[in-house]
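First up is the structure itself, then whatever we jot down about it.
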Amino acid sequence: MDFIQILILSIIQGVTEFLPISSQSHLILTSTFLGMKDQGLNFDIALHTGSLIAILIYYRKEINKMLSMSDEGTQYLKLIILGSIPLPIIGLLFIDLVSVNMRSIESIALMTIIFAIILYLADTKKKDAINKLKSISIFTIVFIGFMQTLAI
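Residue numbers (my numbering): 48 to 199.
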């Protein structure tokens with residue numbers, strides 16, 4: 048992989064990570080459409096790690112405030128951490144499946160359609176069932192974490 052490919056993919060990651068679209072899909076599609084060699088899962092993980100570090104640096108004051116707050120701030124932080132746990136677990140269990148089968152344009156297209164339908168149904172069916180963060184259950188947090196894992 049040359050410097051230009053790394054630069055292009057880093058820009059794509061930086062722009063798409065914070066939009067409600069799949070940055071992972073955009074990395075794969077960019078490589079495919081520009082005729083670049085597949086950068087591989089390890090490079091993608093490195094890009095996502097860079098995004099995480101940038102987020103932690105940017106929000107460090109808010110994170111510190113949450114840590115120093117009373118029970119409410121600590122509770123929010125615990126919920127965020129709990130909702131993040133499914134990703135590495137599922138990722139480690141299904142690394143071979145993901146690295147071989149989920150990096151094709153066909154699988155990206157299929158998953159995009161499936162999740163568009165799920166988001167549409169969630170938006171239209173549950174408008175009255177919006178949970179308040181203070182009353183959200185652990186089951187709901189873990190469920191959100193699993194759905195986020197599938198979305199990636």
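By construction, the Cβ of each residue, glycine as well, lies at the ideal position given by its N, Cα and C atoms.
(message) Once DSSP output is grouped into helix, strand and coil, what is the label at Lys172?
(response) helix
(request) Closer than 6 Å by C-beta to Glu64: which residues in its own chain qualify, once you throw out the five before and the five after it? Chain order, please. (result) Ser70, Ser98
(message) On a Cα-Cα basis, can you pick out the residue from Ala93, Thr96, Val189 that is closest to Lys125?
(response) Val189
(message) Helix, strand or coil, according to DSSP, for Gly97 in the structure here?
(response) helix
(request) Using the Cα positions of Ile153 and Leu103, report the straight-line distance between them to the nearest angstrom. (result) A small fix is needed here, since residue 153 is Glu in this sequence, not Ile. C-alpha separation (whole angstroms): 34 Å.
(message) Spatial neighbours of Thr79 within its chain, please: C-beta separation below 7 Å, excluding the five flanking residues on both sides.
(response) Ile152
(request) Enumerate in chain order the residues of its own chain whose CB-to-CB distance from Ile75 is below 6 Å, with the five nearest sequence positions on each side excluded. (result) Arg150
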